[in-house]
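In our numbering, the protein residues as written are 8 to 507. Where is the CB? At the ideal position from N, CA and C, for every residue including glycine.
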């Protein structure tokens, strides 16, 4: 704590405290945690930002969060300076890679602002895969409840005091690392192992060298590790569990058998802090089960009219805290957007935007993000179901399924496919993929378009940049092969394949 105390002393002497918001553009360096804890000890608010932001993205976040100081280091420094220069009132900036930097005097804060802000620990920005990111106000109480939620799960996620070492290859500006994992390790007096980012080539070596007892993952990590050729250096005997979300059901059991530890699927959002986890048997590995809610969670699976859905009927997942305050432990609201905050809490429930179903035994199963439901000719199609039908075929290295506008059907199914090494990205491969789908999907769920891509664009939190894929999809400018009108035995289910 020597470094934290030293930083806190310097910040206090410069006048920083309740009501001040300080941006941290430090990536996963140790200095990030030192400055976060120092600011928190003074009642100031940390605003961790993605170091990979472009200048206009930095400019937006700095203005929207009303930041009064930027602490930066590394390769993003030049981009932050460029964004700052473009602001009408440049914000003081400290570069930790430059020696002798002193914190500038803090601007004054009014008493009302100080009173409201002294309980806010963080402003965390959502990923913004399809629109501008929202800034979520995360209180100290919300941080504490997130840690308690993790520690209290038990089962396969039992955390022993003073023994756990969590390997988290996820960014510190993300809820997973800074709020969930960090606070769980503070409560249990454990160790948080933070690497700069996921790399398949170094994953197992880093996990073994750090003697991790648990690892965190996102949905794209397990398939990448599974696709790698078997090696004597894979696996880690100290790991008891993996915690994450989005593992493909067809790969779940194969991963556990090959690498020797369970992948515990969980559900949570930046706004909710707490998580639901599938940490107790039976876990139903061939499904998208993510657990049963436990106190203080209350979950309502609502149909399109807001009424409780039937058992095994898909509906939007609404959540709240039991008791007199349904928002207890949740985020405190969106920055400068009261309208969006109240809309998210319509009817006294937080609307997650996730489509789920509840089984007879109370198990919750993820179906899809509401905005990832494709409405084709009046039929609802879950993008995840189409992805599952395609992903495990040897000719496919990766796939993302999206909705694209269609004049006749309203929306059409677009499958963006990475062909496996040595597999040509051509019409014949598109035919193979459709035949795969035909054996696994109802006819109305078959892709209408197949677009071959070289890589899946991702945010720093490993979420798919759907906006980039949609921008690059331009049927008028590419070679379109339309089979819908060909006379063949497949004419009723024929497709159009976009070859890039």
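List the endpoints of the continuous alpha helix (DSSP H) containing residue 361. As a working mapping, residue 361 is identified with position 354 in the chain shown. Unbroken run through residue 361 is the beta strand (DSSP E), 357–365; no alpha helix (DSSP H).
DSSP beta-bridge partners of residue 459: Residue 459 sits at position 452 when you count from the first residue of the chain shown. DSSP lists 424 as partners of residue 459.
To the nearest angstrom, how far is it from the Cα of residue 208 to the Cα of residue 214? Here residue 208 corresponds to residue number 201 of the chain shown, with the count starting at 1. Here residue 214 corresponds to residue number 207 of the chain shown, with the count starting at 1. For residue 208 and residue 214, the distance between alpha carbons rounds to 12 Å.
Any chance you could list the alpha helix (DSSP H) runs of at least 4 consecutive residues sitting entirely within the stretch 152–226, in chain order? The qualifying runs are 189–195, 210–216.
If distances are taken between C-alpha atoms only, which option among 63, 432, 74, 440 comes closest to residue 89? Counting from one through the chain shown, the residue named residue 89 turns up at place 82. Ranking 63, 432, 74, 440 by Cα distance to residue 89 puts 63 first.
Count the C-beta pairs between the stretch 167–185 and the stretch 89–107 that are closer than 8 Å, then say yes if the count reaches three, no if not. Result no; under three Cβ-Cβ pairs closer than 8 Å.
Assuming contact is defined by CB atoms lying nearer than 7 Å, are residue 153 and residue 183 in contact in what I supplied? Numbered from its first residue, the chain shown carries residue 153 at position 146. Numbered from its first residue, the chain shown carries residue 183 at position 176. Cβ atoms of residue 153 and residue 183: not closer than 7 Å.
With a 10 Å radius around its C-beta and 16 neighbouring C-beta atoms as the bar for buried, classify residue 244 as buried or exposed. As a first step, residue 244 must be located in the chain shown, where it is residue number 237. Answer is exposed; the Cβ neighbour count stays below 16.
Here's the rule: buried if 16 or more other CB atoms are within 10 angstroms of the residue's CB, otherwise exposed. What is residue 85? On the chain shown, position 78 is the one that residue 85 refers to. By the neighbour-count rule (16 or more Cβ atoms within 10 Å), residue 85 is not buried but exposed.
First and last residue of the beta strand (DSSP E) that includes residue 323? Counted from its first residue, the chain shown places residue 323 at position 316. First-last of the beta strand (DSSP E) with residue 323: 322–328.
Out of curiosity, what's the CA-to-CA distance linking residue 43 and residue 53? Against the chain shown, residue 43 aligns to sequence position 36. Against the chain shown, residue 53 aligns to sequence position 46. The alpha-carbon atoms of residue 43 and residue 53 are separated by roughly 6 Å.
Assign residue 255 to one of two classes, buried (16 or more other C-beta atoms within 10 Å of its C-beta) or exposed (fewer than that). Along the chain shown, one-based indexing puts residue 255 at 248. Buried, because 16 or more other Cβ atoms sit within 10 Å of the Cβ of residue 255.
Euclidean distance between Cα positions of residue 306 and residue 345: Indexing the chain shown from 1 puts residue 306 at position 299. Indexing the chain shown from 1 puts residue 345 at position 338. Whole-angstrom Cα-Cα distance: 24 Å.
Identified DSSP bridge partners for residue 381: Along the chain shown, one-based indexing puts residue 381 at 374. Bridge partners of residue 381: 388.
Whole-Å CB distance - residue 253 paired with residue 223, under 8 Å assumed: As a working mapping, residue 253 is identified with position 246 in the chain shown. As a working mapping, residue 223 is identified with position 216 in the chain shown. Wrong, their Cβ atoms sit about 12 Å apart, outside the cutoff.
In the DSSP assignment, what residue or residues form a beta bridge with residue 130? Position 123 of the chain shown, counted from the first residue, corresponds to residue 130. DSSP lists 144 as the beta-bridge partner residues of residue 130.
Sub-7 Å separation of residue 211 and residue 241 beta-carbons: Position 204 of the chain shown, counted from the start, is the residue given in the question as residue 211. Position 234 of the chain shown, counted from the start, is the residue given in the question as residue 241. Contact: yes.
Let me confirm a value: residue 293 is counted as buried when at least 16 other C-beta atoms fall within 10 Å, else exposed. Which label applies? Within the chain shown, residue 293 is the residue found at index 286, counting from 1. So residue 293 counts as exposed.
Check whether residue 368 and residue 324 have beta carbons under 7 Å apart: The residue given as residue 368 occupies position 361 in the chain shown. The residue given as residue 324 occupies position 317 in the chain shown. For residue 368 and residue 324, no; Cβs fall outside 7 Å.
Rounded to whole angstroms, what is the Cα-Cα separation between residue 122 and residue 465? Within the chain shown, numbered from 1, the residue matching residue 122 stands at position 115. Within the chain shown, numbered from 1, the residue matching residue 465 stands at position 458. Interpretation of residue 122 is limited by its pLDDT of 49, a score under 50 that renders its predicted location unreliable; the figure taken from the coordinates is listed afterwards. Spanning the two alpha carbons is a distance of roughly 38 Å.
Which residues does DSSP pair with residue 102 in a beta bridge? For the purposes of this step, residue 102 is taken as residue 95 along the chain shown, with counting starting at 1. As computed with DSSP, residue 102 is found in a beta bridge with 79.
Three-way DSSP call (helix, strand, coil) for residue 474 in this model: Stepping through the chain shown from its first residue, residue 474 is reached at position 467. Residue state, collapsed to three classes: helix.
Residue 282 to residue 200 span [Cα, whole Å]: Position 275 of the chain shown holds residue 282. Position 193 of the chain shown holds residue 200. Approximately 21 Å between the Cα atoms of the pair.
Among all the DSSP beta bridges, which residues are the ones paired with residue 417? The residue you call residue 417 lines up with position 410 of the chain shown. Here residue 417 is bridged, per DSSP, to 383, 413.
With H, G and I counted as helix, E and B as strand and the rest as coil, what does DSSP make of residue 283? Translated into the one-based positions of the chain shown, residue 283 becomes position 276. In this structure, residue 283 counts as strand in the three-state DSSP scheme.
Which residues mark the beginning and the end of the beta strand (DSSP E) in which residue 372 is found? In the chain shown, the residue the question calls residue 372 occupies position 365. Start and end: 371–376.
Residue 261 - containing alpha helix (DSSP H), residue span: Within the chain shown, residue 261 is the residue found at index 254, counting from 1. Its alpha helix (DSSP H) spans residues 256–266.
Do residue 23 and residue 49 have their beta-carbon atoms positioned less than 7 Å apart in this structure? Locating residue 49 in the chain shown gives position 42, where the first residue counts as 1. Locating residue 23 in the chain shown gives position 16, where the first residue counts as 1. Contact: yes.
Can you give me the C-alpha to C-alpha distance between residue 94 and residue 478, rounded to a whole angstrom? In the chain shown, counting from the first residue as 1, residue 94 sits at position 87. In the chain shown, counting from the first residue as 1, residue 478 sits at position 471. If I take the Cα positions, the gap works out to 28 Å.
contact_flag[the stretch 336–345, the stretch 147–162] where n(CB pairs < 8 Å) is 3 or more: Contact between the stretch 336–345 and the stretch 147–162 is present: 3 or more CB-CB pairs across the two stretches fall below 8 Å.
8 Å contact criterion, which residue 202 and residue 230 should meet: CB distance rounded: Residue 202 sits at position 195 when you count from the first residue of the chain shown. Residue 230 sits at position 223 when you count from the first residue of the chain shown. Contact flag wrong, Cβ pair sits at about 19 Å.
Considering residue 270, what are the terminal residues of the beta strand (DSSP E) in which it resides? By one-based count along the chain shown, residue 270 stands at place 263. Counting along the chain, residue 270 sits inside the beta strand (DSSP E) bounded by residues 270–274.
Going by other Cβ atoms of all chains shown within 10 Å of its Cβ, with 16 needed for buried, is residue 331 buried or exposed? Here residue 331 refers to the residue found at position 324 of the chain shown. Counting Cβ neighbours within 10 Å, residue 331 comes out exposed, since fewer than 16 surround it.
DSSP three-state call for residue 61: helix, strand or coil? Residue 61 sits at position 54 when you count from the first residue of the chain shown. Annotated three-state conformation of residue 61 is coil, per DSSP.
Simplified DSSP state of residue 296, which is helix, strand or coil: What you label residue 296 is simply residue 289 of the chain shown in a count that begins at 1. Strand, per DSSP.
DSSP state of residue 28, grouped into three classes? Position 21 of the chain shown holds residue 28. Here residue 28 sits in strand by DSSP.
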